[in-house]
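Encoded as structure tokens, the structure appears first; notes follow it.
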């Protein structure tokens, strides 16, 4: 499904590049694994090639999708539940979906809420995580530097 050098997204972890496809034996069972290098956080992740769909691995977005992400970041925030628990669960579902547009909405909405009312510790952590995931994909999609893309994010969220 994927090849060495492909830029992919691992939901909840961010974007990375497939460095290798290796066969490993774990608990007596041989399986092929994608070895992903995740530039943000500088970690390596191994994903069984048979679990791609269940995990939600996908190729990173292209130029048109990047524009759409930045458009979403500029839009007014969506109404959110005043109940912290409901809001947290709803946002977590969006992050886990692996859909970059839903991820962009979470970043936009939580950033706006943070400015207006502040966020709980859990939501601050969620916002930081969502921003890192979004940033990792945008850096690879635009072949840019992290600092440059962070500045763009700030500009569009202002």
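In the working numbering, the protein residues as written are 377 to 534. Beta carbons: idealized from backbone N, C-alpha and C, even for Gly. All values derive from a computational prediction rather than experimental measurement.
Tell me the rounded alpha-carbon separation between residue 420 and residue 414.
6 Å
Would you identify the three-state DSSP class for residue 377, choosing helix, strand or coil?
coil
Counting only the same chain and skipping the five closest in sequence on each side, list residues whose C-beta sits under 6 Å from that of residue 488.
453
Would you say residue 486 and residue 502 are within 8 Å of each other, going by their C-beta atoms?
yes
Assuming contact is defined by CB atoms lying nearer than 8 Å, are residue 431 and residue 423 in contact in what I supplied?
yes
Suppose you measure from the CA of residue 461 to the CA of residue 404; what does that come to, to the nearest Å?
42 Å
Can you give the Cα-Cα distance for residue 493 and residue 507, rounded to whole angstroms?
19 Å
Between the C-alpha atoms of residue 384 and residue 466, what's the straight-line distance to the nearest angstrom?
25 Å
Once you ignore the five residues that flank residue 478 on each side, which residues in its own chain have a CB closer than 6 Å to its CB?
470
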